[in-house]
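Chemist: Mind looking over this structure? Questions follow.
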Amino acid sequence: MYKVSKYNIKLPIGDVGFSYIYNSKSGAIVKLENKIYESIARRDFSSEEVEPLVADLLRQGIIVHDSKNEVNELLISHRIAAFQINFNVLTIIIAPTMACNYRCVYCFEEGNNTDNSCMSLETCNQVERFISSLIESNQLIKKLKIIWFGGEPLLAFDTVMRPLTSKLQTLCGAKNIYYDSEIVTNGYLLDCRRIEELLGPLNVRGFQITFDGREENYCKFKKPPLGAYERVKGNVFALLQYISEHGIKARVDLRINVTKDNMGDAKLLVEEIKKDKRYVGGIHFYLGRVRGKQCNCDIFELHEFEHFEKEFADFIQKPPHAWSPKKVWCNQYTLNSFCIGPHGELYKCEHDFGNKNREIGSVLRGIDFNDFFVKYITMPIADKCCECILLPLCMGGCPNVRVADSYSCEFSLDKVIADACDYVRSAYSISK
Amino acid sequence: MEIIRDATMVTCEDHGVCGCYNDVCGFDTPGGGCNCDFDSPPGNNWGC
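Okay, structure coming up:
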């Protein structure tokens with residue numbers, strides 16, 4: 008016998024005679040005649056209209072076997088994903104320095120950042136040996152992904168990024184592993200020489216650069232060096248030009264961190280960039296929600312942010328997307344991902360760089376398996392989250408929040424429903 | 249019944265984890281650890 012999945016969400020599409028069901032556990036969206044949906048809801052699977060659909064309904068997760076406990080299934084697959092080390096990608100986030108030439112008002116590292124030194128050559132060698140040992144211990148790894156973080160990683164371009172990349176590429180070459188890289192940078196030092204090297208020998212294929220508004224807000228929020236706004240804009244245009252001219256498959260994300268103070272500038276910034284003669288296209292604009300405790304800004308509540316995010320998505324004509332289920336919130340929760348600080352210290356999350364209490368080992372001695380690490384990897388999902396219909400989409404949310412015995416909803420049911428409705432309307436060209 | 253979004257196409261079983269920090273998937277954690285290539289798996293039209 009079967010029952011209706013507890014993760015079915017009926018979408019308010021307003022198409023008379025039909026029900027649209029989104030299942031947050033499978034990610035499926037199906038359209039059913041109302042009478043069929045009603046039969047299913049009262050567990051009548053034997054009628055001649057429903058019976059032929061049972062196999063498809065099961066496959067789409069709309070119905071499940073009567074005996075199945077869907078919550079337990081999710082919790083087990085979550086735990087397996089955390090401990091499974093047979094993913095073929097090893098992701099390492101490296102902060103070559105904690106020094107930064109900006110002083111962003113919302114920076115989560117502000118309280119932790121007392122050290123402006125760069126990673127030494129000796130530590131670079133230890134990083135290479137640490138990564139080599141991880142690869143040695145897992146023959147299934149096919150790709151090494153390095154994400155350059157900081158501080159501002161380009162401050163350590165010559166002293167760390169270039170030499171360490173060379174070592175890691177040699178390592179990957181010897182082991183027949185694909186080397187891939189991304190960078191999170193403020194873009195101030197992203198000049199032509201570095202662009203050429205990053206996209207060439209350093210094989211960086213993803214760039215995340217933050218703007219936070221036009222010049223006045225940019226300076227107010229980011230406290231950059233003099234003239235930084237125009238300089239970074241020029242650097243971004245040069246980056247896009249290089250990517251376009253050389254036919255490189257690289258991604259440029261322009262992040263706009265917003266509070267109620269600078270929200271009015273987000274769309275104007277996009278307009279300003281798109282109207283610039285130097286813009287050749289290719290930027291993915293997106294919003295970040297400022298949540299920093301140190302920040303004295305007027306920050307958004309979740310529903311306020313989602314409202315503005317929708318407005319912004321419509322403005323940039325972002326294609327509709329329905330939310331997909333995931334086994335863990337982020338890769339940091341798994342055993343195939345580590346963060347390495349400038350002194351070779353290890354963390355699970357890049358948001359912990361500089362926080363001694365959250366170190367889990369070092370590249371020299373390996374993982375300490377200290378209490379914090381064990382808690383991070385084994386912590387249960389909050390009871391409240393286990394009861395939530397959106398559990399399959401977030402699996403308890405950010406582990407860095409959960410490890411502090413808290414939880415935070417990353418999105419609302421209203422948002423998930425609205426996005427799924429947009430997806431359906433787009434698929435059927437149904438107007439609102 | 250019409251399948252508007254096919255569950256069998258939603259997740260990338262090759263990678264198992266999808267934590268994109270970009271706007272394709274809607275997750276914005278810097279370095280959130282996307283293990284996916286944007287063009288895989290074949291036929292997937294919403295990013296990862």
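These protein sequences, in sequence, are chains A and B.
Quick note, the first sequence lines up with residues 8 to 439 if you use the numbering used here.
Quick note, the second sequence lines up with residues 249 to 296 if you use the numbering used here.
Note that CB positions come from ideal geometry on N, CA and C, so glycine has one too.
So what does DSSP say about PHE228 (chain A), is it helix, strand or coil?
Modeler: The count along the first sequence starts at 1 and reaches residue 228 (chain A) at position 221. Residue state, collapsed to three classes: helix.
Chemist: With a CB to CB cut of under 8 angstroms and the five nearest residues on each side skipped, what residues in its chain are close to ARG50 (chain A)?
Modeler: The residue labelled residue 50 (chain A) in the question sits at position 43 within the first sequence. Answer for ARG50 (chain A): MET8, TYR9, LYS10 and VAL11, listed in chain order.
Chemist: Quick one: is PRO278 (chain B) near chain A, going by C-beta distance under 8 angstroms?
Modeler: Stepping through the second sequence from its first residue, residue 278 (chain B) is reached at position 30. Residue confidence is low: PRO278 (chain B) scores 31 on pLDDT, short of 50, so the model does not pin down where it sits. No coordinate-derived value is stated.
Chemist: Does DSSP put LEU147 (chain A) in a helix, a strand or coil?
Modeler: For the purposes of this step, residue 147 (chain A) is taken as residue 140 along the first sequence, with counting starting at 1. LEU147 (chain A) falls in the coil class under three-state DSSP.
Chemist: How far does the beta strand (DSSP E) with LYS325 (chain A) in it reach, from first residue to last?
Modeler: What you label residue 325 (chain A) is simply residue 318 of the first sequence in a count that begins at 1. Unbroken run through LYS325 (chain A): none, as it is neither H nor E.
Chemist: Could you tell me if GLU143 (chain A) is buried or exposed, where buried requires 16 or more neighbouring beta carbons within 10 angstroms of its beta carbon?
Modeler: Along the first sequence, one-based indexing puts residue 143 (chain A) at 136. GLU143 (chain A) is exposed by the Cβ-count criterion.
Chemist: Taking a cut of 9 angstroms between CB atoms, which residues from the stretch 54 to 75 of chain A lie near chain B?
Modeler: Those residues of the stretch 54 to 75 of chain A placed with their C-beta closer than 9 angstroms to a C-beta in chain B are LEU60, ASP63, LEU64, ARG66, GLN67, GLY68 and ILE69, ordered along the chain.
Chemist: Which full runs of the beta strand (DSSP E) of 3+ residues lie inside the stretch 326 to 397 of chain A, going along the chain?
Modeler: 344 to 347 and 352 to 354
Chemist: What's the C-alpha gap between TYR27 (chain A) and ASP421 (chain A)?
Modeler: Indexing the first sequence from 1 puts residue 27 (chain A) at position 20. Indexing the first sequence from 1 puts residue 421 (chain A) at position 414. Going by the C-alpha atoms only, they are around 16 angstroms apart.
Chemist: Examine chain B for any beta-carbon lying closer than 8 angstroms to the beta-carbon of LEU309 (chain A), and answer yes or no.
Modeler: As a working mapping, residue 309 (chain A) is identified with position 302 in the first sequence. Taking Cβ atoms only, chain B never reaches closer than 8 angstroms to LEU309 (chain A), which makes this a no.
Chemist: Going by the CB atoms, is the gap between ALA273 (chain A) and LEU246 (chain A) shorter than 8 angstroms?
Modeler: By 1-based counting over the first sequence, the position of residue 246 (chain A) is 239. By 1-based counting over the first sequence, the position of residue 273 (chain A) is 266. Going by C-beta atoms, LEU246 (chain A) is not nearer than 8 angstroms to ALA273 (chain A).
Chemist: Please report the distance separating the alpha-carbon of TYR195 (chain A) from that of GLY254 (chain A).
Modeler: As a working note, residue 195 (chain A) is residue 188 in the first sequence. As a working note, residue 254 (chain A) is residue 247 in the first sequence. Going from the Cα of TYR195 (chain A) to the Cα of GLY254 (chain A) covers about 24 angstroms.
Chemist: Would you report the Cα separation of SER331 (chain A) and LEU18 (chain A), rounded to the nearest angstrom?
Modeler: Taking the first residue of the first sequence as position 1, residue 331 (chain A) is located at position 324. Taking the first residue of the first sequence as position 1, residue 18 (chain A) is located at position 11. Each residue's alpha carbon lies about 16 angstroms from the other.
Chemist: Applying a beta-carbon distance threshold of less than 7 angstroms, which residues of chain B neighbour ILE36 (chain A)?
Modeler: Here residue 36 (chain A) is taken as the residue at index 29 of the first sequence, counted from 1. By Cβ distance, chain B contributes ILE252 and ARG253.
Chemist: So ALA424 (chain A) packs on ILE16 (chain A), CB below 8 angstroms; how close in whole Å?
Modeler: In the first sequence, counting from the first residue as 1, residue 424 (chain A) sits at position 417. In the first sequence, counting from the first residue as 1, residue 16 (chain A) sits at position 9. Correcting the residue identity first, residue 424 (chain A) is Ile in this sequence and not Ala. At roughly 6 angstroms, the Cβ-Cβ gap stays under 8 angstroms, so ILE424 (chain A) and ILE16 (chain A) are in contact.
Chemist: Taking DSSP as the reference, what is the three-state secondary structure of ARG169 (chain A)?
Modeler: Indexing the first sequence from 1 puts residue 169 (chain A) at position 162. If DSSP states are grouped into helix, strand and coil, ARG169 (chain A) belongs with the helices.
Chemist: How about VAL259 (chain A) and GLY289 (chain A): do their beta carbons lie closer than 8 angstroms?
Modeler: Here residue 259 (chain A) corresponds to residue number 252 of the first sequence, with the count starting at 1. Here residue 289 (chain A) corresponds to residue number 282 of the first sequence, with the count starting at 1. Yes, these two residues count as a Cβ contact at 8 angstroms.
Chemist: Any idea what DSSP makes of GLN133 (chain A), helix, strand or coil?
Modeler: Position 126 of the first sequence holds residue 133 (chain A). Reduced to three states, the DSSP call for GLN133 (chain A) is helix.
Chemist: How many angstroms separate the CA atom of ARG296 (chain A) from the CA atom of GLU222 (chain A)?
Modeler: On the first sequence, position 289 is the one that residue 296 (chain A) refers to. On the first sequence, position 215 is the one that residue 222 (chain A) refers to. If you draw a straight line from the Cα of ARG296 (chain A) to the Cα of GLU222 (chain A), it comes to about 19 angstroms.
Chemist: I'd like the span of the alpha helix (DSSP H) that includes ASP421 (chain A), first residue to last.
Modeler: Start at 1 with the first residue of the first sequence, and residue 421 (chain A) comes out as number 414. Note, ASP421 (chain A): alpha helix (DSSP H), 420 to 435.
Chemist: Is it buried or exposed, PHE322 (chain A), if we count other Cβ atoms within 10 angstroms and call 16 or more buried?
Modeler: For the purposes of this step, residue 322 (chain A) is taken as the residue at position 315 of the first sequence. Exposed, since its Cβ has fewer than 16 Cβ neighbours within 10 Å.
Chemist: Is any heavy atom of the ligand COA found at a distance shorter than 7 angstroms from the C-beta of LYS363 (chain A)?
Modeler: In terms of ligand content, the structure shown is empty, and the ligand COA therefore cannot be addressed.
Chemist: If we ignore side chains and look at the alpha-carbon of each, how far apart do CYS416 (chain A) and GLU55 (chain A) end up?
Modeler: Within the first sequence, numbered from 1, the residue matching residue 416 (chain A) stands at position 409. Within the first sequence, numbered from 1, the residue matching residue 55 (chain A) stands at position 48. One C-alpha to the other measures close to 42 angstroms.
Chemist: Please report whether the beta-carbon of TYR113 (chain A) lies at a distance below 8 angstroms from any beta-carbon of chain B.
Modeler: Walking along the first sequence from the start, residue 113 (chain A) turns up at place 106. No, because no Cβ of chain B sits closer than 8 angstroms to the Cβ of TYR113 (chain A).
Chemist: Indicate whether THR130 (chain A) and VAL370 (chain A) have their beta-carbon atoms separated by less than 8 angstroms.
Modeler: By one-based count along the first sequence, residue 130 (chain A) stands at place 123. By one-based count along the first sequence, residue 370 (chain A) stands at place 363. Against a cut-off of 8 angstroms, the Cβ pair of VAL370 (chain A) and THR130 (chain A) comes out as a contact.
Chemist: Less than 8 angstroms between the CB atoms is what I'm expecting for GLY24 (chain A) and GLU40 (chain A), so what's the real figure, rounded?
Modeler: Here residue 24 (chain A) is taken as the residue at index 17 of the first sequence, counted from 1. Here residue 40 (chain A) is taken as the residue at index 33 of the first sequence, counted from 1. Contact holds; Cβ gap of about 7 angstroms.
Chemist: Can you list, in chain order, the residues of its chain with a C-beta nearer than 8 angstroms to that of GLN67 (chain A)? Leave out the 5 residues immediately preceding and following it.
Modeler: As a working note, residue 67 (chain A) is residue 60 in the first sequence. Closer than 8 angstroms at the Cβ level, and outside the excluded window around GLN67 (chain A), lie ASN30, SER33, ALA35 and VAL37.
Chemist: Using 8 angstroms as the cut-off, can you tell me whether the stretch 97 to 116 of chain A makes contact with the stretch 153 to 166 of chain A, which would need three or more C-beta pairs spanning the two stretches below that distance?
Modeler: Cβ pair count under 8 angstroms is three or more, so yes.
Chemist: Report all residues from its chain with a CB closer than 7 angstroms to the CB of SER84 (chain A); omit the five preceding and five following residues, and keep chain order.
Modeler: Against the first sequence, residue 84 (chain A) aligns to sequence position 77. Cβ neighbours of SER84 (chain A) beyond the five flanking positions: LYS334.
Chemist: Tell me the DSSP secondary structure of ARG233 (chain A) in three-state form.
Modeler: Here residue 233 (chain A) refers to the residue found at position 226 of the first sequence. A small fix is needed here, since residue 233 (chain A) is Leu in this sequence, not Arg. Taken through DSSP and simplified to helix, strand or coil, LEU233 (chain A) comes out as coil.
Chemist: From the beta carbon of SER33 (chain A), is the nearest beta carbon of chain B less than 8 angstroms away?
Modeler: Within the first sequence, residue 33 (chain A) is the residue found at index 26, counting from 1. Yes, SER33 (chain A) counts as interfacial toward chain B.
Chemist: For the stretch 260 to 278 of chain A, which residues have a CB atom closer than 9 angstroms to at least one CB atom of chain B, in sequence order?
Modeler: Only those residues of the stretch 260 to 278 of chain A whose C-beta falls short of 9 angstroms from the nearest C-beta of chain B are listed: ASP260 and ARG262.
Chemist: Would you verify that the beta carbon of LEU39 (chain A) is, or is not, closer than 8 angstroms to some beta carbon of chain B?
Modeler: Position 32 of the first sequence holds residue 39 (chain A). By this cut-off, LEU39 (chain A) is an interface position.
Chemist: Please classify CYS199 (chain A) as buried or exposed, where buried requires at least 16 neighbouring CB atoms within 10 angstroms.
Modeler: Taking the first sequence and counting its residues from 1, the one referred to as residue 199 (chain A) is at position 192. Classification of CYS199 (chain A): exposed, given that the 10 Å Cβ count is below 16.
Chemist: Is PHE218 (chain A) helix, strand or coil when you go by DSSP?
Modeler: Taking the first residue of the first sequence as position 1, residue 218 (chain A) is located at position 211. Here PHE218 (chain A) sits in coil by DSSP.
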